[in-house]
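One structure below.
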Amino acid sequence: NILGLDLPATLPASVVQPETYLAYYFASPVSVKITDPNGQVITKDLNQIPGAEYSDDNTSNGPRLVLIPNPIPGNYIIELTGTGTGDFHIGVQFFSDTQPDQDPTILEGNITPGQVLQFNATFNNNATPPTLNPLITAPPGGTPPTSPVRTPPERTHPVAGRGSSGSARPGPRRTAGDS
């Protein structure tokens, strides 16, 4: 009995952890849609990508995280739809049990309500960081991304939740001001 709930009669075999993750981070007044190379989609309300997870804090500008375990190589289309006016931030990062953690590739810009921006994130399933490029450079009624794609020179905050094997488990980054 745990927390007043009976344990199941049989427990599942140990959970197999994915060997790799593709992580997308967003901090913006946007709704997010990601389409994988096979045309499968994940949004807040729809998930067609096996094992993928979408999480957010249910605020308009709050962080959003999409994790895709054992991702297939190819082009992932990221579509952002403005839910407010402000800056948007996209980060994409690859994690692997067999390779060192990579710093995220980050793109920043501005968005307005109803504005749709699309980006191509190319993932090659190797030590090369995923690329992140705008597909729409001057959308009608809005401002294109204002900052070039950048990769930070070093990661100053560890990734949350390292497994016993020392493998990376994606999670939100925290800064000194976070609680």
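Here the sequence shown stands for residues 549 to 727, where the numbers follow our numbering. Every residue gets a Cβ at the ideal spot worked out from N, C-alpha and C, and that includes glycine.
Cutting at 7 Å between CB atoms, please list the residues of its own chain near K581, excluding the five before and the five after it. Cβ-Cβ distances below 7 Å link K581 to V589, T591, E627 in the same chain, with the five nearest sequence neighbours on each side left out; the list follows chain order.
Whole angstroms is fine: what's the gap from T670's alpha carbon to T633's? So the two alpha carbons sit approximately 27 Å from each other.
Could you have a look at Q764 and say whether DSSP puts it in helix, strand or coil? The question about residue 764 has no answer, for the chain in this structure spans 549 to 727.
Same chain, Cβ closer than 6 Å to P566, neighbours up to 5 away in sequence not counted: Contacts found: P617, N618.
Run the CB neighbour count on G639, radius 10 Å, all protein chains shown included, and call it buried at 16 or more, exposed below. The residue is buried, with at least 16 neighbouring Cβ atoms inside 10 Å.
Per DSSP, the bridge partner or partners of G634: In the DSSP assignment, G634 is bridged to I659.
Please tell me whether F636 and V578 are closer than 8 Å, where the distance is taken between their beta carbons. Against a cut-off of 8 Å, the Cβ pair of V578 and F636 comes out as a contact.
For S608, is the classification buried or exposed, using 16 other Cβ atoms within 10 angstroms of its Cβ as the cut-off for buried? Answer is exposed; the Cβ neighbour count stays below 16.
Please report the distance separating the alpha-carbon of Q641 from that of V664. Roughly 23 Å between the two C-alpha positions.
Check the DSSP bridge columns for T583 and list the partner residues they point to. Its beta-bridge partners are V589, I625.
What number of angstroms, rounded off, separates the C-alpha of G662 from the C-alpha of S576? Cα to Cα, G662 sits roughly 13 Å from S576.
Quick check: what's the CA-CA separation for T653 versus F643? CA-CA distance, T653 to F643, rounds to 13 Å.
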